[in-house]
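Position 120 of the sequence shown, counting from 1, maps to 130 under my numbering, and the rest follow consecutively. Every residue, glycine too, gets a C-beta built ideally from N, C-alpha and C. If you're wondering where the values come from, they're calculated on a predicted model, not measured in any experiment. What follows is one structure encoded as structure tokens, with my remarks underneath.
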Amino acid sequence: MICGTDEAGRGPIAGPVVAAAVILDPENPVEGLNDSKKLSEKKREKLSLEIKEKALYWAIAQSDPDEIEAINILWASMKAMQRAIEALPVKPDMVLVDGNRVPELNVPAKAIVGGDASEQCIAAASILAKVERDRQMLKWHELYPQYEFDKHKAYGTPKHLELLEKYGPCPIHRKGFNPVKRVLANL
């Protein structure tokens, strides 16, 4: 059984990094899989439901902003992927990881740059991770509406940076990320 894993949320300046691990069923393929960044939100939502229904196994895990601060975004991403893989009810024979590094695992793994565009199982993981992270950012928007997380999902857009300057960081902002550091330095 081959497992694909990917993360969503390395670039934003707030919120968790979310990872998914997916083992697809070769007898029950999911049509239209691609890198989550190349799909519309509506298409990702639809595919997410289909992946959860048709995959043999899937799991989602994350690293929160405090962990990101403690170990940095790269290692937090690796930790989230490791947790997602370990949360699967079976041990895969091989793990395919999007990117150029593999998390610490007790199974064989291979890093594939651009794997979310070339490997169906990684694309599926990419979609699950992105959909879950976006949903979490909508929940954070309810707690901190002044930052408009519903619009930019915590990426460092001009509007988000403007709101960060105006209100200062909230508890889910990543204090080690440069835009947030700059605001904190001026408080």
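Give every residue of the same chain whose Cβ lies closer than 7 Å to the Cβ of K140, excluding the five residues on either side of it in the sequence, and list them in chain order.
Position 130 of the sequence shown, counting from 1, holds the residue named residue 140. Same-chain partners within the cutoff: A18, S46, R54.
Supposed contact pair A133 and G43 - C-beta distance, whole angstroms, cut 8 Å:
One-based indexing of the sequence shown puts residue 43 at position 33. One-based indexing of the sequence shown puts residue 133 at position 123. For the sequence presented, residue 43 should be read as Leu rather than Gly. Right, the Cβ-Cβ distance comes to about 4 Å (below 8 Å), so this counts as a contact.
For E60 and E37, what's the separation of their Cα atoms in angstroms?
If you number the sequence shown from 1, residue 60 lands on position 50. If you number the sequence shown from 1, residue 37 lands on position 27. Using only the alpha carbons, I get a separation of about 14 Å.
Whose C-beta lies closer than 6 Å to the C-beta of E77 among residues of the same chain, with five residues either side of it excluded?
As a first step, residue 77 is located in the sequence shown; it is residue number 67 there, counting from the start. Beyond the five residues adjoining it in sequence on each side, E77 comes within less than 6 Å, by CB distance, of A86 in the same chain, given in chain order.
Contact between the segment 100 to 113 and the segment 122 to 136 (3+ Cβ pairs under 8 Å)
Taking one beta carbon from each stretch, the segment 100 to 113 and the segment 122 to 136 have 3 or more pairs nearer than 8 Å; the two touch.
Beta carbon of I95, beta carbon of A65: below 9 Å?
Residue numbering aside, residue 95 sits at position 85 when the sequence shown is read from its first letter. Residue numbering aside, residue 65 sits at position 55 when the sequence shown is read from its first letter. No, the Cβ-Cβ distance between I95 and A65 is not below 9 Å.
Return the CA-CA distance between V117 and I33, expressed in angstroms with no decimal places.
The residue you call residue 117 lines up with position 107 of the sequence shown. The residue you call residue 33 lines up with position 23 of the sequence shown. Cα-Cα distance, rounded: 14 Å.
Going residue by residue through the segment 107 to 187, where are the continuous alpha helix (DSSP H) segments of at least 4 residues, counting only ones entirely within it?
The segment 107 to 187 contains these whole alpha helix (DSSP H) runs: 125 to 128, 130 to 153, 159 to 162, 168 to 177.
Let's see if you can read the secondary structure: which residues bound the beta strand (DSSP E) around D35?
Position 25 of the sequence shown, counted from the first residue, corresponds to residue 35. Element bounds for D35: n/a, residue is neither H nor E.
Please state whether the Cβ-Cβ distance between Q72 and E142 is less than 9 Å.
Translated into the one-based positions of the sequence shown, residue 72 becomes position 62. Translated into the one-based positions of the sequence shown, residue 142 becomes position 132. With a cutoff of 9 Å on beta-carbon distance, Q72 and E142 are scored as near each other.
Which same chain residues, not among the five before or five after R184, have their C-beta less than 7 Å away from its C-beta?
On the sequence shown, residue 184 is found 174 positions in, with the first residue counted as 1. Listed in chain order, the non-local C-beta contacts of R184 below 7 Å within the same chain comprise I23, A24, P75, I78, E79, V190, local neighbours out to five positions each way being set aside.
On the criterion of 16 or more Cβ atoms from any shown chain inside 10 Å, does Q146 qualify as buried, or is it exposed?
Here residue 146 corresponds to residue number 136 of the sequence shown, with the count starting at 1. Q146 should be labelled buried.
Determine whether the beta carbon atoms of D103 and M11 lie at a separation below 9 Å.
In the sequence shown, residue 103 corresponds to position 93, counting from 1. In the sequence shown, residue 11 corresponds to position 1, counting from 1. Judged by their CB atoms, D103 and M11 are nearer to each other than the 9 Å cut-off.
By how many angstroms is the C-alpha of T167 removed from the C-alpha of L194?
Translated into the one-based positions of the sequence shown, residue 194 becomes position 184. Translated into the one-based positions of the sequence shown, residue 167 becomes position 157. Rounded to the nearest whole angstrom, the CA to CA distance from L194 to T167 is 18 Å.
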